Amino acid sequence: MPADLSPIDKAKFVAARRAVDFVENGMKLGLGTGSTAAWMVRCLAERVKDEGLRVVGVPTSRRTAELATELGVPITTMDEVKWLDLTIDGADEFDPNLNLIKGGGAALLQEKIVATASDRMIVIADAAKEVAQLGAFPLPVEVVPFGWQTTKALIEETLFSMDVLGRDVALRMNKSKPVKTDENNYILDLSLKRIGNPRQLALVLNQIPGVVENGLFIDICDIVVIGHGDGRVTVRDINTGKVEDASVEVAGSDNIFADLGD
Ligand code: 5RP
8 MPADLSPIDK AKFVAARRAV DFVENGMKLG LGTGSTAAWM VRCLAERVKD EGLRVVGVPT
68 SRRTAELATE LGVPITTMDE VKWLDLTIDG ADEFDPNLNL IKGGGAALLQ EKIVATASDR
128 MIVIADAAKE VAQLGAFPLP VEVVPFGWQT TKALIEETLF SMDVLGRDVA LRMNKSKPVK
188 TDENNYILDL SLKRIGNPRQ LALVLNQIPG VVENGLFIDI CDIVVIGHGD GRVTVRDINT
248 GKVEDASVEV AGSDNIFADL GD
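Following this line, the structure appears as structure tokens:
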């Protein structure tokens with residue numbers, strides 16, 4: 008591992024490396040989006056190349072599709088496979104019940120479809136993503152562009168009856184233009200500070216016309232692999248209650264780092 012890799016990147020890498028150990032021959036995989044998920048695609052590509060691992064992945068964004076293709080991980084579509092064995096993805100926050108906030112990379116819609124249609128979902132994250140209660144990270148909500156300001160007003164009104172601390176809603180921008188998702192929708196970021204009842208909020212938001220999906224992933228994640236900057240990983244399984252601590256062997260990963268473009 009290069010010495011100049013930051014502790015946060017080391018943490019993401021070791022989480023990804025450990026999670027890829029769960030992948031078995033013949034599996035159909037959901038491939039997440041984001042910087043941690045990109046490490047996972049690199050680790051997966053290494054196993055495909057070195058071990059001849061046979062897998063096929065459904066990417067959750069154009070970015071992930073491009074990376075997988077570039078590195079030689081076979082990809083397909085959700086419509087082709089319909090159901091998946093395992094999804095591995097990052098998260099913006101996870102709580103003690105492994106409920107998540109996702110969508111920091113604007114890919115929450117495909118991520119939720121893919122994770123929901125998987126036998127198991129593993130989240131890979133650095134330790135900073137762990138929170139006692141969700142909400143410090145602004146909650147992304149994907150909305151259709153048509154009438155988005157009306158949708159925003161309805162969300163703001165709805166938040167008054169919800170158990171949340173903040174109520175600011177902002178359209179996500181890239182310089183002077185609204186960010187567009189792969190489905191050509193917009194993202195509203197809800198600065199809620201603390202979400203008292205994530206399950207209820209997730210249900211209520213999706214009732215509002217114009218809302219396509221929200222970034223709360225409730226009862227979807229099975230396992231979290233938490234990476235630390237010193238190479239340690241913690242694997243927590245919500246179904247069995249098991250917690251395992253280990254260190255990831257990074258020797259022989261040089262080809263992953265050689266491929267690193269960002
Ligand atoms: C993309 C996501 C990402 O998984 C989330 O934003 C975490 O990203 P990163 O691994 O770069 O911190 O939900 O929509």
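Read in order, the letters of the sequence shown are residues 8 to 269 in the working numbering.
Every residue, glycine too, gets a C-beta built ideally from N, C-alpha and C.
Fair warning: this is a prediction, and the values are worked out from it, not measured in the lab.
In the three-state DSSP reduction, A132 falls in the strand class (E or B). Residue burial is scored here from C-beta neighbours: R206 has fewer than 16 other C-beta atoms within 10 angstroms and is therefore classed as exposed. Here the segment 21 to 36 makes contact with the segment 234 to 244; the two share three or more CB pairs at distances below 8 Å.
In the three-state reduction of the DSSP assignment, P103 falls in the coil class. Excluding the 5 residues flanking it on each side, W155 has same chain C-beta neighbours closer than 6 Å at Y193, in chain order.
The Cβ atoms of I129 and I230 lie closer than 7 Å to each other. Where A143 is concerned, there is no enclosing beta strand (DSSP E), because DSSP gives it neither an H nor an E. For I120, the uninterrupted alpha helix (DSSP H) run begins and ends at 115 to 123, by DSSP. Here S254 carries a strand assignment [DSSP, helix/strand/coil].
The set of residues whose C-beta lies within less than 6 Å of a heavy atom of ligand 1 reads, in chain order, G39, T40, G41, S42, T43, A44, D96, G97, A98, D99, K109, G110, G111, G112, A113, A114, L115, E118.
Per DSSP, reduced to three states, the secondary structure at V30 is coil, with no helix or strand assignment.
Annotation: V65 to E149 spans about 21 Å, alpha carbon to alpha carbon. Annotated as proximal: A98 and K136, with beta-carbon spacing under 7 Å.
Remark: three or more beta-carbon pairs, one from each stretch, lie closer than 8 Å, so the segment 112 to 120 and the segment 215 to 227 are flagged as touching. Apart from the 5 residues on each side of it in sequence, A209 sits with its Cβ closer than 7 Å to the Cβ of N221, L223, I225 in its chain, given in chain order. Excluding its 5 nearest sequence neighbours in each direction, P81 has C-beta neighbours in its own chain below 6 Å: V63, listed in chain order. K89 carries a coil assignment under DSSP once its states are collapsed to helix, strand and coil. By the neighbour-count definition (other C-beta atoms within 10 Å, threshold 16), K19 is a buried residue. D189 and G248 have their alpha carbons spaced roughly 36 Å apart.
Burial of A72 is indicated by the presence of at least 16 other C-beta atoms within 10 angstroms of its C-beta.
Of the candidates I263, I95, R239, the residue whose Cα lies closest to the Cα of V255 is R239. Beta-bridge partners of E73 (DSSP): none assigned.
For W46, same chain residues with a beta-carbon under 6 Å away, outside a window of 5 residues either side, are K19, F20, A23 in chain order. Counting other Cβ atoms within 10 Å of its Cβ, T43 reaches 16 or more and is therefore classed as buried. The beta-bridge partner set that DSSP reports for L223 consists of I108.
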